[in-house]
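Written out below as structure tokens is the structure these notes cover.
Residue numbers (my numbering): 648 to 875.
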């Protein structure tokens, strides 16, 4: 049997093919889900992101659908991993599982696109693509911002570290038998990405852009009953 063809990936995440990045991110999320689904769900751990049952679409196909219809940028895909780490650090009871992943991902990309990108879609489009009502996405967005404490940005170096971690993890194991990038915690302990961003050289904070100020104003209007 022939071995699968290996793709040589660029060093910088800005140059990687978007679909390859989607595959890398989806692979990481699926491995997290596979582990975390073994963790018993306690009542206090239930969040607005929990679905009654796991969606019928795979994580990979879901991410591809989002990218296809919203033109989500690479930074939005990568920073989703950073958001997972930050939220799980702030709220240890939260876990990314088959019941939370899809709703978390569409909310993360909707929020990050407004914070980081010059052009972004409306919540109406994100909701249609994500398969949830727009009113529900609006509530998920507010809950997401509360959980992340409005800390929506990070440096390019942090994103590059996540990309490098994805590449190392993916290339270090056969594609048919993925394993965790680090020793797996016990079956009763939830797992996160856990890239140590404190060792990454920080950049000085940048003032908000016009687009970010407009997005914040739009969010405030939604909270007052306006439509997204």
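Virtual Cβ for every residue (Gly too), placed ideally from N, Cα, C.
Please list the terminal residues of the continuous alpha helix (DSSP H) segment that includes residue 674.
In the chain shown, counting from the first residue as 1, residue 674 sits at position 27. Note, residue 674: alpha helix (DSSP H), 665-683.
Mind checking whether residue 714 and residue 669 have CB atoms under 9 angstroms apart?
Taking the first residue of the chain shown as position 1, residue 714 is located at position 67. Taking the first residue of the chain shown as position 1, residue 669 is located at position 22. Contact flag set, yes.
Rank 692, 765, 660 by C-alpha distance to the C-alpha of residue 742 and give the top, closest one.
Here residue 742 refers to the residue found at position 95 of the chain shown. With distances taken between Cα atoms, residue 742 lies closest to 692.
Looking at residue 740 and residue 787, is the spacing between their C-beta atoms short of 9 angstroms?
Sequence index remark: in the chain shown, residue 787 carries index 140 (1-based). Sequence index remark: in the chain shown, residue 740 carries index 93 (1-based). Not in contact: residue 787 and residue 740 (Cβ atoms no closer than 9 angstroms).
Looking at the structure shown, is residue 686 part of a helix, part of a strand, or coil, going by DSSP?
Residue numbering aside, residue 686 sits at position 39 when the chain shown is read from its first letter. Residue state, collapsed to three classes: coil.
Count the other CB atoms within 10 Å of the CB of residue 782; is the residue buried (16 or more) or exposed (fewer)?
Reading the chain shown from its first residue, position 135 is the one you call residue 782. Exposed: under 16 other Cβ atoms inside 10 Å.
Going by C-alpha distance, which of 799, 810, 680, 815 is nearest residue 661?
Within the chain shown, numbered from 1, the residue matching residue 661 stands at position 14. When only C-alpha atoms are compared, the closest one is 810.
Euclidean distance between Cα positions of residue 679 and residue 744
For the purposes of this step, residue 679 is identified with residue 32 of the chain shown, where counting begins at 1. For the purposes of this step, residue 744 is identified with residue 97 of the chain shown, where counting begins at 1. Cα-Cα distance, rounded: 7 angstroms.
Whose C-alpha, out of 676, 736, 776, 726, is nearest the C-alpha of residue 799?
As a working note, residue 799 is residue 152 in the chain shown. The shortest Cα separation from residue 799 among 676, 736, 776, 726 belongs to 726.
Coarse secondary structure for residue 732, derived from DSSP in three states
The residue labelled residue 732 in the question sits at position 85 within the chain shown. Residue 732 falls in the helix class under three-state DSSP.
Residue 691 lies in the alpha helix (DSSP H); which residues open and close that run?
Taking the chain shown and counting its residues from 1, the one referred to as residue 691 is at position 44. No alpha helix (DSSP H) contains residue 691, which DSSP labels as neither H nor E.
Cα separation between residue 733 and residue 797?
Reading the chain shown from its first residue, position 86 is the one you call residue 733. Reading the chain shown from its first residue, position 150 is the one you call residue 797. Rounded to the nearest angstrom, the two C-alpha atoms are 11 angstroms apart.
Look at the Cβ atom of residue 758, then the Cβ atom of residue 792, and state whether they are nearer than 9 angstroms.
As a first step, residue 758 is located in the chain shown; it is residue number 111 there, counting from the start. As a first step, residue 792 is located in the chain shown; it is residue number 145 there, counting from the start. Cβ atoms of residue 758 and residue 792: closer than 9 angstroms.
Selection from 675, 748, 671, 659 that minimises the alpha carbon distance to residue 694
Within the chain shown, residue 694 is the residue found at index 47, counting from 1. The option with the nearest alpha carbon to residue 694 is 748.
Distance check for residue 817 and residue 667, CA to CA, integer angstroms please.
Locating residue 667 in the chain shown gives position 20, counting from the first residue. Locating residue 817 in the chain shown gives position 170, counting from the first residue. Roughly 11 angstroms between the two C-alpha positions.
Residues of its chain near residue 801, where Cβ-Cβ distance is below 6 angstroms and the 5 sequence neighbours each way are ignored:
The count along the chain shown starts at 1 and reaches residue 801 at position 154. Around residue 801: 729.
Since residue 696 and residue 750 should fall inside the 8 angstroms C-beta cutoff, what is the C-beta to C-beta distance between them, to a whole number of angstroms?
If you number the chain shown from 1, residue 696 lands on position 49. If you number the chain shown from 1, residue 750 lands on position 103. Confirmed, about 5 angstroms.
Could you say which of 746, 806, 780 lies nearest to residue 684 if we only look at CA atoms?
By one-based count along the chain shown, residue 684 stands at place 37. Ranking the options by Cα distance to residue 684, first place goes to 746.
Should residue 766 go down as buried or exposed, given a rule of 16 or more other Cβ atoms within 10 Å for buried?
Taking the first residue of the chain shown as position 1, residue 766 is located at position 119. So residue 766 counts as exposed.
DSSP on residue 720, reduced to helix/strand/coil?
On the chain shown, residue 720 is found 73 positions in, with the first residue counted as 1. The answer is coil: DSSP assigns residue 720 none of H, G, I, E or B.
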